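Enquirer:
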Amino acid sequence: MRKLMLTKNSKFSLPSLIFGGRTAKIDDSIYDTRERLRFVIPGLQDIESTSDEPFLHSSSLLNINGLKLAASASSSNRFRVGINENTTLLIPFSGQGTVTIEGKLLNWEMGQKALVLPNSPFNGESIRNSVLIIEVDPKRLESIVCNMLNLSAGTHLGFDSTTPREVDMQIGRLSFETMFRQFGNQLDQLSLQPELLNRSGIDDVIYRSIAMMLHPKLFLDAAKNPVNNFERRLLDRVCQHIQSNLDQPITISTLEQIGCMSKRKLHYAFQQRYNMTPMQWVRTERLLRSHSLLISAIPGVTISSVALACGFTKSTTFTQYYSKEFGEHPATTLKRVLSR
Numbered sequence: 023m024r025k026l027m028l029t030k031n032s033k034f035s036l037p038s039l040i041f042g043g044r045t046a047k048i049d050d051s052i053y054d055t056r057e058r059l060r061f062v063i064p065g066l067q068d069i070e071s072t073s074d075e076p077f078l079h080s081s082s083l084l085n086i087n088g089l090k091l092a093a094s095a096s097s098s099n100r101f102r103v104g105i106n107e108n109t110t111l112l113i114p115f116s117g118q119g120t121v122t123i124e125g126k127l128l129n130w131e132m133g134q135k136a137l138v139l140p141n142s143p144f145n146g147e148s149i150r151n152s153v154l155i156i157e158v159d160p161k162r163l164e165s166i167v168c169n170m171l172n173l174s175a176g177t178h179l180g181f182d183s184t185t186p187r188e189v190d191m192q193i194g195r196l197s198f199e200t201m202f203r204q205f206g207n208q209l210d211q212l213s214l215q216p217e218l219l220n221r222s223g224i225d226d227v228i229y230r231s232i233a234m235m236l237h238p239k240l241f242l243d244a245a246k247n248p249v250n251n252f253e254r255r256l257l258d259r260v261c262q263h264i265q266s267n268l269d270q271p272i273t274i275s276t277l278e279q280i281g282c283m284s285k286r287k288l289h290y291a292f293q294q295r296y297n298m299t300p301m302q303w304v305r306t307e308r309l310l311r312s313h314s315l316l317i318s319a320i321p322g323v324t325i326s327s328v329a330l331a332c333g334f335t336k337s338t339t340f341t342q343y344y345s346k347e348f349g350e351h352p353a354t355t356l357k358r359v360l361s362r
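Heads up: the sequence shown begins at 23 in the working numbering, then just goes up one per residue.
1. Any idea which residues DSSP pairs residue 50 with across the strands?
2. Indicate the three-state DSSP secondary structure (helix, strand or coil) for residue 74 in the structure shown.
3. Flag this pair as yes or no: are the beta carbons of residue 188 and residue 137 separated by less than 8 Å?
4. Using only the alpha-carbon positions, how far apart do residue 114 and residue 61 sit?
5. Hey, residue 166 and residue 93: beta-carbon distance below 8 Å or not?
6. Could you tell me which uninterrupted beta strand (DSSP E) segments, each at least 3 residues in length, are contained entirely in the stretch 75–116, listed from first to last along the chain?
7. Can you give me the Cβ contacts of residue 157 inside the same chain, cut-off strictly under 7 Å, excluding the 5 residues immediately before and after it?
8. From residue 345 to residue 73, what does the alpha carbon distance come to, in whole angstroms?
9. Taking only runs that begin and end inside the stretch 153–217, name each unbroken beta strand (DSSP E) of 3 or more residues, in chain order.
10. Measure the beta-carbon distance from residue 162 to residue 309 and round it to whole angstroms, keeping in mind my assumption that it falls under 8 Å.
11. Buried or exposed: residue 295, going by 16 or more other Cβ atoms within 10 Å of its Cβ?
12. Of all the alpha helix (DSSP H) runs that stay within the bounds of the stretch 219–286, which reach a length of 4 or more residues?
13. Name the residue from 145, 337, 264, 82 whose alpha carbon lies nearest to the alpha carbon of residue 100.
14. Using C-beta distances below 7 Å, list every residue in its chain close to residue 69, excluding the 5 sequence neighbours before and after it, in chain order.
15. For residue 319, name the three-state secondary structure that DSSP assigns.
16. Might you give, ordered along the chain, the residues of its own chain that have their beta carbon closer than 7 Å to the beta carbon of residue 285, omitting 5 neighbours on each side?
17. Assuming residue 103 and residue 143 are in contact, meaning their beta carbons sit under 8 Å apart, how far apart are those beta carbons, in whole angstroms?
18. Measuring straight from C-alpha to C-alpha, what distance separates residue 342 and residue 334?
19. Taking the beta strand (DSSP E) that residue 131 falls in, what are its first and last residues?
20. Could you give the residue range of the alpha helix (DSSP H) that holds residue 325?
21. Within 10 angstroms of its Cβ, does residue 183 collect 16 or more other Cβ (buried), or is it exposed?
22. Where do the N-terminal and C-terminal ends of the beta strand (DSSP E) with residue 137 fall, by residue?
23. Thinking just about the alpha-carbon of each residue, which of 323, 316, 253, 348 is nearest to the one in residue 292?
24. Whole angstroms is fine: what's the gap from residue 266's alpha carbon to residue 225's?
25. Less than 6 Å between C-beta atoms, sequence neighbours within five positions excluded: which residues of the same chain meet that for residue 65?
26. Grouping DSSP H, G and I as helix and E and B as strand, with all else coil, what is residue 1?
27. Cutting at 7 Å between CB atoms, please list the residues of its own chain near residue 86, excluding the five before and the five after it.
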């Protein structure tokens, strides 16, 4: 690969990355760029330079508990994407471009519009740009929305993460561009201590911000009618403890202590919010986490290691619950992901 200096005075310079600039991978090969970006856009098929200048791409990749992020900066190009397993969220920080998907022409532009791109094929074109690309798991996103609104899992909200559309980057005085730039700074800091990254909870915070970005009205309407209920806040604390300790043994007694509730009151609270018992909710969260780990698996990952990482001590029990929840054996999911 040719060594190109990315200085401010270089005609080959690119906009700065939202995170990972110090350790970014620099490519002047379209093939290498395509293979690298498949980390977050598995269906990426072709990239073609549209500039007279040499093609150049810079990127930094992260996987935080199954949340895949790519900070990408590129010279002008056009691209083609096939079917992806999850939804792609494209947030621009420099430049602009267009995407054609399901017969719709969508525009994205720094500070103005981001794009939601579900698992349909699409074509796009962009000028010199810097973007954040996020692979979004719709099931995890919907689960987080229910948690944020204190609703039972599976509640029909009209929350849509699977329709291709433009998304406003500014809602009133709230700038999502500023919010995600702050996340970029946090990711740079956490990368100095990578063993803390998966325990930081930043993946959950990013998912919550995506939820508000995609459907701000849903949360603004909820804010107009706040429920300042002490017991609800206690239940939130219990749920946060569960989500932070899915790889550890979790007992009703521990949850009673965390929430300062009796066993009866704890069961009632979970039934009211989620229509399930506390331990059923624990199992659901563990299964969602295991699914995220499997669809982002790399060679060497095993079913037993994923099961243990999600708090299942027996692989057979994990397989039974996983198959019932997702309609296929975890080994089938893993095999499909590793064969891509």
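Glycine included, each C-beta is placed from N, C-alpha and C at the ideal position. In this text the structure is predicted, and so the values were computed from the model without any measurement.
Expert: Put simply:
1. DSSP output for residue 50 lists no bridge partner at all.
2. Here residue 74 sits in coil by DSSP.
3. Taking the C-beta atoms as reference points, residue 137 is found nearer than 8 Å to residue 188.
4. The C-alpha of residue 114 lies about 19 Å from the C-alpha of residue 61.
5. Going by C-beta atoms, residue 166 is not nearer than 8 Å to residue 93.
6. For the stretch 75–116, whole beta strand (DSSP E) runs of length 3 or above, ordered along the chain, are 79–86, 89–96, 99–103, 109–116.
7. Apart from the 5 residues on each side of it in sequence, residue 157 sits with its Cβ closer than 7 Å to the Cβ of 62, 90, 108, 110 in its chain, given in chain order.
8. C-alpha separation (whole angstroms): 49 Å.
9. List check, beta strand (DSSP E) in window: 187–190.
10. Between residue 162 and residue 309, the beta carbon gap of about 11 Å keeps them out of contact (Cβ cut-off 8 Å).
11. Answer is buried; the Cβ neighbour count reaches 16.
12. The qualifying runs are 224–236, 238–246, 252–266, 274–281.
13. When only C-alpha atoms are compared, the closest one is 145.
14. Correct list, in chain order: 52, 55, 56, 99, 101.
15. Here residue 319 sits in coil by DSSP.
16. Excluding residues within five positions, the ones whose Cβ falls inside 7 Å are 274, 278.
17. The distance from the Cβ of residue 103 to that of residue 143 is about 6 Å, consistent with a contact at the 8 Å cut-off.
18. If you take the alpha carbons of residue 342 and residue 334, they lie about 11 Å apart.
19. Annotation for residue 131: the continuous beta strand (DSSP E) segment containing it runs 126–131.
20. Looking at the DSSP string, the run of the alpha helix (DSSP H) that includes residue 325 is 325–331.
21. Residue 183 comes out buried.
22. Note, residue 137: beta strand (DSSP E), 135–139.
23. Nearest C-alpha to residue 292: 253.
24. Distance between the alpha carbons of residue 266 and residue 225 is about 12 Å.
25. Taken in chain order, the residues that qualify are 103, 104, 105, 106.
26. Because the chain here runs from 23 to 362, residue 1 falls outside it and cannot be looked at.
27. Cβ neighbours of residue 86 beyond the five flanking positions: 219, 220, 224, 225.
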